[in-house]
Ligand SMILES: *Cc1c(COP(=O)(O)O)cnc(C)c1O
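Numbering (the numbering used here), first residue to last: 488 to 891.
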């Protein structure tokens with residue numbers, strides 16, 4: 488087991504100075520219950536077995552690592568490999584923590600799960616887990632995202648979830664979190680808030696990281712099969728930071744492996760045009776935890792934007808903030824245009840349509856590969872598949888080299 492993972496965060500949920508738990512008094516008890524339940528479950532052989540069973544026989548794990556031969560040749564530098572989280576049931580890494588969170592909810596005797604969703608991936612994954620384990624599911628989603636991510640909205644409805652639109656502010660991810668928290672407070676006796684990333688009050692950043700770390704543990708073994716070595720670089724997109732932390736977990740103690748979290752630069756570097764929190768943010772508390780956040784001139788959460796609806800969040804998981812500050816991880820940047828280019832390149836060169844979020848990681852890896860020699864390697868976490876994005880992308884960015 489990793490020394491780092493065992494010792495971080497501390498008992499109070501701090502990763503260095505980031506993290507903690509800033510919640511209203513009426514949530515103190517429910518969160519204390521969640522912390523206690525997770526402590527018990529974490530090392531409980533029955534829980535571990537149940538999760539293993541579900542992952543193997545329902546979810547489709549282990550997911551493979553694919554060598555992106557044509558994309559590598561196209562870039563002309565380091566070898567690019569893809570960890571295929573797009574092949575999880577429901578199409579993204581989110582089910583890794585949703586199945587576990589719902590088992591925890593059942594353990595606590597809850598009958599309902601509540602969550603926010605950005606692109607709809609977390610909502611679909613949680614609705615799936617709720618259906619499988621027989622719990623009610625309530626999903627909060629910004630009105631703008633509801634319009635943009637229509638297929639996922641339909642999927643959630645079919646899966647039996649209740650969808651509540653967030654109608655204030657920018658009507659995207661941050662507002663969905665606000666709305667979900669508000670709804671959770673009076674229902675905390677019977678419901679649990681299943682956070683969709685390594686964000687929120689302690690213990691969620693730690694718990695979701697632990698559930699996602701399966702990506703990194705599998706990757707380490709699988710990469711040895713390909714290269715008989717560790718990857719030189721690991722690249723993942725960062726919204727809240729869960730898919731990134733999941734894959735980083737496998738390599739965090741291997742100091743020779745460079746870890747890159749890729750942030751969305753959107754349309755430009757002015758406030759409101761991007762969502763590059765680690766790059767432009769400052770310390771602050773939002774949604775119950777202390778981290779780096781993007782602030783407006785009044786110190787309030789700034790408006791954010793990215794073509795990837797799952798990564799436009801004005802804060803970031805406290806562990807990502809901590810690892811950046813200690814220098815263990817580096818930040819890469821990828822804008823909308825580069826992400827769309829990567830979206831089409833991966834589709835046309837490899838036959839894999841990536842989620843727009845994941846396309847940011849691919850876009851940065853393509854830039855990085857070009858700067859490195861051919862004996863170097865890059866492992867990209869392909870966090871999800873792009874079926875949800877196809878209509879939006881072709882409407883706004885015509886298919887290059889279209890043959891019909
Ligand atoms: C939700 C999502 C993300 C962003 O969330 P993280 O917690 O930063 O991983 C990235 N990619 C996909 C496909 C997603 O669904």
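For each residue, glycine too, the CB sits at the ideal point set by N, CA and C.
What you are looking at is a predicted structure, and each value in this text was computed from that prediction instead of being measured.
Contact under 9 Å by Cβ, residue i with residue j
i: residue 832; j: residue 558; result: yes
i: residue 658; j: residue 650; result: no
i: residue 736; j: residue 489; result: yes
i: residue 706; j: residue 695; result: no
i: residue 867; j: residue 567; result: yes
i: residue 791; j: residue 781; result: yes
i: residue 636; j: residue 861; result: no
i: residue 689; j: residue 508; result: yes
i: residue 626; j: residue 517; result: no
i: residue 542; j: residue 682; result: no
i: residue 753; j: residue 822; result: yes
i: residue 614; j: residue 647; result: yes
i: residue 501; j: residue 805; result: yes
i: residue 776; j: residue 687; result: yes
i: residue 873; j: residue 573; result: yes
i: residue 741; j: residue 492; result: no
i: residue 570; j: residue 550; result: yes
Between the CA atoms of residue j and residue i - distance to the nearest angstrom
i: residue 552; j: residue 510; result: 40 Å
i: residue 673; j: residue 738; result: 41 Å
i: residue 727; j: residue 809; result: 13 Å
i: residue 611; j: residue 846; result: 20 Å
i: residue 592; j: residue 699; result: 17 Å
i: residue 691; j: residue 889; result: 44 Å
i: residue 725; j: residue 596; result: 33 Å
i: residue 719; j: residue 561; result: 20 Å
i: residue 838; j: residue 582; result: 23 Å
i: residue 666; j: residue 828; result: 34 Å
i: residue 835; j: residue 512; result: 53 Å
i: residue 616; j: residue 714; result: 35 Å
i: residue 881; j: residue 494; result: 46 Å
i: residue 661; j: residue 855; result: 31 Å
i: residue 717; j: residue 655; result: 46 Å
i: residue 703; j: residue 733; result: 6 Å
i: residue 799; j: residue 710; result: 30 Å
i: residue 599; j: residue 622; result: 5 Å
i: residue 886; j: residue 825; result: 14 Å
i: residue 602; j: residue 864; result: 37 Å
i: residue 652; j: residue 604; result: 10 Å
i: residue 496; j: residue 878; result: 41 Å
i: residue 730; j: residue 624; result: 23 Å
i: residue 430; j: residue 857; result: Past the edges of the chain, shown from 488 to 891, lies residue 430, and the structure says nothing about it.
i: residue 778; j: residue 505; result: 5 Å
i: residue 816; j: residue 803; result: 14 Å
i: residue 534; j: residue 590; result: 8 Å
i: residue 850; j: residue 830; result: 8 Å
i: residue 523; j: residue 859; result: 47 Å
i: residue 853; j: residue 751; result: 15 Å
i: residue 770; j: residue 670; result: 27 Å
i: residue 544; j: residue 787; result: 45 Å
The beta strand (DSSP E) enclosing residue i, as first and last residue numbers
i: residue 680; result: 678 to 680
i: residue 721; result: 720 to 724
i: residue 751; result: 745 to 753
i: residue 883; result: Where residue 883 is concerned, there is no enclosing beta strand (DSSP E), although the alpha helix (DSSP H) it sits in stretches over 877 to 883.
i: residue 566; result: 566 to 571
i: residue 771; result: 769 to 773
i: residue 791; result: Neither: residue 791 is in no beta strand (DSSP E) and is coded neither H nor E.
i: residue 868; result: 864 to 869
i: residue 777; result: 776 to 780
i: residue 553; result: 552 to 554
Residue i: first and last residue of the uninterrupted alpha helix (DSSP H) it sits in
i: residue 834; result: 823 to 837
i: residue 850; result: 843 to 857
i: residue 509; result: No alpha helix (DSSP H) holds residue 509; DSSP gives it neither H nor E.
i: residue 730; result: 729 to 735
i: residue 591; result: 582 to 594
i: residue 613; result: 608 to 620
Residues sharing a beta bridge with residue i, DSSP
i: residue 626; result: 602 and 650
i: residue 670; result: According to DSSP, which records beta bridges pairwise, residue 670 is partnered with nothing at all.
i: residue 545; result: Partner(s): none; residue 545 has no beta bridge.
i: residue 817; result: 747
i: residue 579; result: 871
i: residue 501; result: 506
Whole-angstrom C-beta distance between residue j and residue i, which should lie under 8 Å
i: residue 934; j: residue 546; result: What the structure shows of the chain is the stretch from 488 to 891, and residue 934 is not part of that stretch, so it cannot be assessed.
i: residue 841; j: residue 820; result: Wrong, their Cβ atoms sit about 18 Å apart, outside the cutoff.
i: residue 748; j: residue 807; result: 6 Å
i: residue 586; j: residue 538; result: 7 Å
i: residue 843; j: residue 811; result: Contact flag wrong, Cβ pair sits at about 23 Å.
i: residue 759; j: residue 789; result: 7 Å
i: residue 793; j: residue 761; result: 7 Å
i: residue 629; j: residue 606; result: Residue 629 to residue 606, Cβ: 10 Å. No contact.
Test: residue i CB closer than 9 Å to a CB of chain C
i: residue 561; result: The structure shown contains no chain C; it holds only a single protein chain.
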